[in-house]
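For the sequence shown, the positions run 1097 to 1526 when this note's numbering is used. In this text, a Cβ means the ideal position worked out from N, Cα and C, and glycines have one as well.
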Amino acid sequence: MGGIGILPSKPEKYHYQPYNNINNNNILRIRSSKFTLCSSIFVFLAFIIFFFILSPSTSSLPTKNSWGGPEWEKRVTKSTRHNSPSGSPLTVLVTGASGFVGMHVSLALKRRGDGVLGIDNFNRYYDINLKRTRAKVLSRAGVFVVEGDINDVHLLRKLFDVVAFTHVMHLAAQAGVRYAMRNPNSYVHSNIAGFVNLLEVSKSANPQPAIVYASSSSVYGLNSKTPFSEKDRTDQPASLYAATKKAGEEFAHTYNHIYGLSVTGLRFFTVYGPWGRPDMAVYLFTKDILKGKQITVFESPDGGSVTRDFTYIGDIVKGCLGALDTAKKSTGSGGKKKGNAQYRIFNLGNTSPVPVSELVNILEKLLKVNVKRKVVPMPINGDVRFTHANISRAQRELGYMPTTDLEAGLKKFVRWYLDFHSPLKNKNVW
Ligand SMILES: NC(=O)c1ccc[n+]([C@@H]2O[C@H](COP(=O)([O-])OP(=O)(O)OC[C@H]3O[C@@H](n4cnc5c(N)ncnc54)[C@H](O)[C@@H]3O)[C@@H](O)[C@H]2O)c1
1097 MGGIGILPSK PEKYHYQPYN NINNNNILRI RSSKFTLCSS IFVFLAFIIF FFILSPSTSS
1157 LPTKNSWGGP EWEKRVTKST RHNSPSGSPL TVLVTGASGF VGMHVSLALK RRGDGVLGID
1217 NFNRYYDINL KRTRAKVLSR AGVFVVEGDI NDVHLLRKLF DVVAFTHVMH LAAQAGVRYA
1277 MRNPNSYVHS NIAGFVNLLE VSKSANPQPA IVYASSSSVY GLNSKTPFSE KDRTDQPASL
1337 YAATKKAGEE FAHTYNHIYG LSVTGLRFFT VYGPWGRPDM AVYLFTKDIL KGKQITVFES
1397 PDGGSVTRDF TYIGDIVKGC LGALDTAKKS TGSGGKKKGN AQYRIFNLGN TSPVPVSELV
1457 NILEKLLKVN VKRKVVPMPI NGDVRFTHAN ISRAQRELGY MPTTDLEAGL KKFVRWYLDF
1517 HSPLKNKNVW
């Protein structure tokens, strides 16, 4: 998918064909004025320089893709070898493995003896060194992260040729609600086109894997009934990010219905913890508080507090493993459905919403810094006022039970943050 509108989602897919749609009269007019031609060339060059070199909209594009060859295949195979004395180990392709959730889930699977292969395009949406360091941690644990994009159909087919994956844990996405206003095409590229590509390759694989994929609490959008239940409406997204995550759920349903793919969607609620994302509140607040900067805390237009159902990464990992372990096999083969396949969707939250102002209070205590704060009305940027998960379905069917409260989880985050950013730390130890 080359992207919508005039902005490219990937540079190599953007073919500029300036003369195709210009009729003869226009050509004559252009020829009659050298000045117009020169200025057109100038504008065109300025456009190219802005969008391909200077524009932040290209900052999340993949850097390079390098894969293939016997050595590479050996690493792929080795990474997916099982090391489980009992039970029936899984063979899992984890997309977005160098991301926050992806790293933790991959490590947990590997530690219990499953075969795990990661894929990640290492885009520059946030600090790429953090992603590279996570990949190093994974490599040391025996998990190879292939550098590539889930839109690369040849790469995905190759991976399925080399390895008979039993499961796909799909976490790759363009995340973040606010960035969607700056670079909508990166969301369409990863969350829609990339997901459809992954489903296409999975449905044609033999055997078909079971798919567990990350959705988001953001799909509840303007829903005001709390706590959010999987039965509530999800057709009022408040951000483009939410719209693409909801679209992902619909595509997953379609592939389940037509091709017999077993699919499970997990709606994560504001995940935080060690190795967390630098674009999220917990990380940003910690960074600014330590620098002595003023913290901006949003309140809702009616003066009420903005609250989030902050969920600790360790609990989310347990939910992901629960979903993988209870996923039934897909029923299709050779791209054809042989019977109805499992279709599920679960909230994974903490079911204990906390005002963002309280989050700042806890960080203030843990960091031992007096926080300067400014309370301002929440701008209309796609963020919602509150989230709160009803998790009874996940409790019942996945055995999911979050056990880490915000203070305990933040303690672990702060310890990791200070260690990771310590100037004394030799980065090679990660
Ligand atoms: N962290 C949260 O609070 C939260 C909440 C709700 C939903 N989610 C969802 O959970 C999943 C994981 O989120 P995260 O917080 O770990 O985000 P993350 O950005 O840390 O991880 C996503 C990873 O996917 C990779 N990626 C993006 N597009 C790709 C592509 N086209 N091909 C290959 N790799 C690609 C990125 O480089 C990144 O490493 C995402 O699907 C996200 O939408 C996260």
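Based on DSSP bridge pairs, tell me the residues matched to residue i.
i	result
Asp1245	DSSP output for Asp1245 lists no bridge partner at all.
Ala1310	Leu1362
Met1265	Val1190, Val1308
Arg1440	Thr1360
Gly1418	Beta-bridge pairing links Gly1418 to no other residue.
Tyr1355	Answer by DSSP bridge pairing: none, since Tyr1355 is not bridged.
Phe1482	Thr1403
Tyr1275	Answer is none; Tyr1275 lacks a bridge partner.
Tyr1408	Tyr1368
Leu1213	Leu1189, Phe1240
Arg1469	Ile1391
Lys1432	Ser1429
Val1450	Arg1404
Phe1381	According to DSSP, Phe1381 bridges with nothing at all.
Phe1090	Because residue 1090 is not part of the residues shown, which for the chain are 1097 to 1526, the question remains open.
Report the rounded CA-to-CA distance for residue i versus residue j, giving the unit in angstroms.
i	j	result
Val1273	Val1284	13 Å
Trp1512	Thr1366	18 Å
Pro1166	Arg1220	29 Å
Lys1507	Gly1369	9 Å
Asn1436	Val1456	48 Å
Glu1345	Ser1311	7 Å
Val1259	Leu1444	30 Å
Gly1428	Ser1325	30 Å
Val1452	Val1480	12 Å
Ala1306	Lys1432	15 Å
Ser1401	Phe1482	8 Å
Tyr1439	Thr1407	24 Å
Val1308	Glu1296	15 Å
Ala1339	Thr1403	21 Å
Gly1528	Gln1304	Residue 1528 lies beyond the residue range present for the chain, which begins at 1097 and ends at 1526; the question has no answer from this structure.
Val1172	Pro1374	29 Å
Val1471	Ser1396	10 Å
Val1378	Ala1271	15 Å
Thr1499	Gln1491	12 Å
Leu1362	Ser1282	22 Å
For residue i, count neighbouring C-beta atoms within 10 Å of its own C-beta (all shown protein chains included) and say buried if the count is 16 or more, exposed if not.
i	result
Ile1224	exposed
Leu1318	exposed
Gly1399	exposed
Asn1217	buried
Leu1520	exposed
Pro1323	buried
His1517	exposed
Arg1207	exposed
Gly1356	buried
Lys1389	exposed
Thr1392	exposed
Phe1509	buried
Ser1320	exposed
Verify the contact flag: residue i, CB atom, against every heavy atom of ligand 1, threshold strictly below 8 Å.
i	result
Val1264	no
Gln1074	With the chain covering 1097 to 1526 only, the question about residue 1074 has no answer from this structure.
Val1367	yes
Val1413	no
Arg1373	yes
Arg1363	yes
Met1376	yes
Gln1270	yes
Thr1360	no
Ala1276	no
Asn1443	no
Thr1229	no
Phe1218	yes
Lys1341	yes
Tyr1439	no
Tyr1222	yes
Val1297	no
Asp1245	yes
Leu1547	The requested residue 1547 is not part of the displayed model; the chain covers only 1097 to 1526.
Asn1287	yes
Gly1195	yes
So residue i and residue j are supposed to be a Cβ contact under 8 Å. How far apart are they, rounded?
i	j	result
Cys1416	Met1265	6 Å
Gly1211	Thr1191	That pair is no contact at about 15 Å.
Thr1360	Ala1419	5 Å
Gly1209	His1178	6 Å
Ser1175	Arg1230	The pair is not a contact, with the Cβ atoms about 15 Å apart (cut-off 8 Å).
Ser1314	Tyr1337	6 Å
Phe1381	Phe1347	The pair is not a contact, with the Cβ atoms about 35 Å apart (cut-off 8 Å).
Phe1196	Trp1371	6 Å
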